[in-house]
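Colleague:
Numbering (our numbering), first residue to last: -1 to 384.
1. Ordered along the chain, which non-local residues of its own chain (more than five positions away) have a Cβ less than 6 Å from that of residue 182?
2. Give the straight-line distance between the Cα atoms of residue 167 and residue 247, rounded to the nearest whole angstrom.
3. Which parts of the region 177 to 235 are runs of the alpha helix (DSSP H), unbroken and 4 residues or longer, counting only runs that do not cross its ends?
4. Looking only at DSSP bridge pairs, what is residue 297 linked to?
5. Across which residues does DSSP place residue 65 in a beta bridge pair?
6. If you follow the beta strand (DSSP E) that residue 317 is in, where does it begin and where does it stop?
7. Residue 254 bridges to which residues according to DSSP?
8. Does DSSP put residue 11 in a helix, in a strand, or in coil?
9. Could you check where the alpha helix (DSSP H) with residue 1 kicks off and where it finishes?
10. Does DSSP classify residue 362 as helix, strand or coil?
11. Tell me the DSSP secondary structure of residue 278 in three-state form.
12. Can you tell me whether DSSP reads residue 76 as helix, strand or coil?
13. Considering only C-alpha positions, which residue in the set 209, 230, 226 is nearest to residue 219?
14. Express the C-alpha separation of residue 279 and residue 151 in angstroms, rounding to a whole number.
15. Measure from the alpha carbon of residue 79 to the alpha carbon of each residue in 98, 117, 270, then state which is nearest.
16. State the beta-bridge partners of residue 328 as determined by DSSP.
17. Any contact between the region 299 to 310 and the region 171 to 180? By contact I mean 3 or more CB pairs, one from each, below 8 Å.
18. Looking at residue 221: is its Cβ nearer than 8 Å to the Cβ of residue 268?
19. For residue 131, which residues does DSSP report across the bridge?
20. Do residue 65 and residue 171 come within 8 Å of each other at the CB atom, strictly closer than that value?
21. Check whether the Cβ atoms of residue 346 and residue 107 sit closer than 8 Å, and answer yes or no.
22. Can you give the beta carbon distance from residue 58 to residue 126, rounded, assuming they're within the 8 Å contact cut?
23. Would you mind reading off the limits of the alpha helix (DSSP H) that contains residue 26?
24. Work out the CA separation of residue 335 and residue 304 for me, nearest whole Å.
25. Specify whether the region 137 to 153 and the region 40 to 51 touch according to this definition: at least 3 beta carbon pairs, one from each stretch, less than 8 Å apart.
26. Based on Cα-Cα distance, which residue from 16, 116, 320, 121 lies nearest to residue 102?
27. Would you decide whether residue 21 is buried or exposed? Buried here means 16 or more other CB atoms lie within 10 Å of its CB.
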């Protein structure tokens, strides 16, 4: 079928500015209107402030274990990016569709919505579920609530396809992520009286150096998994703030760092190594000058790794539908797939578009990828009908 309906839906979805700092409720209400037109059952789970919602809909036989098609509704900011066109208005140029979120990942959501009538008309023995979440881009914050809402469901879904942009190549594994913020509380003094102050920036720098030392050890000694790029667990400090002017010893410094861990590596163990170093090697010297100084840790986000076995029927089914004989891939970025797998639902990542276009100015998806994405969903419907 032509993808004109999907492209029209995508245009509407992109027009909703669902940057993670904003509400996604207008987009969710738009989806609800489409579902209600066909009498489709759905459930909502909300954020604490009720300004955002996950949607879980069931198309077809609700008494059988179904297949989840999962996508997030939020997008990353366009602030400071140099766009050639309005990021919240789709535009076609040179066989590419431009707009914020077209690849990551409203294109997949639009394709799912465009297949509502096809799914219902197929009268499938298994239902198809839509799982559309909020706040994936800031740490997969919404999907745990969606899954909590499924705990009492019977039967549970039997499999999940997360439509992140993989150029329609199945991905069976991704790294887990732990995102931490460190607050170093020092003591202010005039910069000429270094004996009376505790330099929070200097203390933070020592902890950051420890993070880098752990990274260098892992690069040298592993563990390794050559399916990933890079093939090891990574640690990264990306933000630091501290100090006011140069002639005042800074009383506060904070920095953010992340751990992206291979599926067999526990990221909290690496964080605890950093924390133990700060507590035993840095904090005592600080408190020897002033016992009111210290170090605090804040958890910002965390999501589990995903590692679906290559032998899983879902991997074989998706690969077979796409005519791909090569093993499913592994990626270093994270998705909501880890949460679905942890919940007990076998999961594969597979969707239209290229991850290299995500989060960039002039984000685009090739129209050919939209066509192939539609063919992929049509193939899934045909497979489930058999």
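Glycine included, every Cβ here is placed at the ideal spot set by N, Cα and C.
Modeller: So, from the data block:
1. Looking up residue 182 in the chain shown gives position 184. For residue 182, the CB contacts under 6 Å within the same chain, skipping 5 residues up- and downstream, are 198, 201, 202, 251, 293 in chain order.
2. Position 169 of the chain shown, counted from the start, is the residue given in the question as residue 167. Position 249 of the chain shown, counted from the start, is the residue given in the question as residue 247. Rounded to the nearest angstrom, the two C-alpha atoms are 53 Å apart.
3. Under the rule that a run must span 4 or more residues, the alpha helix (DSSP H) segments found entirely inside the region 177 to 235 read 198 to 219.
4. The count along the chain shown starts at 1 and reaches residue 297 at position 299. Per DSSP, 178.
5. For this step, residue 65 is matched to residue 67 along the chain shown. The partner list for residue 65 (beta bridge, DSSP) reads 126, 157.
6. Mapped onto the chain shown, residue 317 falls at position 319. Unbroken run through residue 317 is the alpha helix (DSSP H), 311 to 320; no beta strand (DSSP E).
7. For the purposes of this step, residue 254 is taken as the residue at position 256 of the chain shown. Answer is 179, 237, bridged to residue 254.
8. Indexing the chain shown from 1 puts residue 11 at position 13. Note: residue 11 maps to helix in three-state DSSP.
9. Translated into the one-based positions of the chain shown, residue 1 becomes position 3. Run containing residue 1: none; DSSP gives neither H nor E here.
10. Position 364 of the chain shown holds residue 362. The DSSP-derived three-state label of residue 362 is strand.
11. Position 280 of the chain shown, counted from the first residue, corresponds to residue 278. It is helical.
12. Here residue 76 is taken as the residue at index 78 of the chain shown, counted from 1. Residue state, collapsed to three classes: coil.
13. The residue given as residue 219 occupies position 221 in the chain shown. Of the residues 209, 230, 226, the one whose Cα lies closest to the Cα of residue 219 is 230.
14. Residue mapping note: residue 151 aligns to position 153 of the chain shown, counting from 1. Residue mapping note: residue 279 aligns to position 281 of the chain shown, counting from 1. About 50 Å.
15. Translated into positions along the chain shown, residue 79 becomes position 81. Here the closest residue by C-alpha is 98.
16. Position 330 of the chain shown, counted from the start, is the residue given in the question as residue 328. Looking at the DSSP output, residue 328 bridges to 171.
17. At 8 Å Cβ cutoff, the stretches touch.
18. Start at 1 with the first residue of the chain shown, and residue 221 comes out as number 223. Start at 1 with the first residue of the chain shown, and residue 268 comes out as number 270. No; because the gap between Cβ atoms is not below 8 Å, this pair is not in contact.
19. Numbered from its first residue, the chain shown carries residue 131 at position 133. Under DSSP, the beta-bridge partners assigned to residue 131 are 70.
20. Position 173 of the chain shown holds residue 171. Position 67 of the chain shown holds residue 65. Against a cut-off of 8 Å, the Cβ pair of residue 65 and residue 171 comes out as no contact.
21. The residue labelled residue 346 in the question sits at position 348 within the chain shown. The residue labelled residue 107 in the question sits at position 109 within the chain shown. Cβ distance not < 8 Å, so residue 346 and residue 107 don't count as in contact.
22. Here residue 58 refers to the residue found at position 60 of the chain shown. Here residue 126 refers to the residue found at position 128 of the chain shown. Sure, about 6 Å apart at Cβ, within 8 Å.
23. Here residue 26 corresponds to residue number 28 of the chain shown, with the count starting at 1. Note, residue 26: alpha helix (DSSP H), 23 to 34.
24. Within the chain shown, the letter at position 306 stands for residue 304. Within the chain shown, the letter at position 337 stands for residue 335. The alpha-carbon atoms of residue 304 and residue 335 are separated by roughly 6 Å.
25. Segments in contact, yes.
26. Position 104 of the chain shown, counted from the first residue, corresponds to residue 102. Per the Cα distances, 16.
27. Start at 1 with the first residue of the chain shown, and residue 21 comes out as number 23. Buried.
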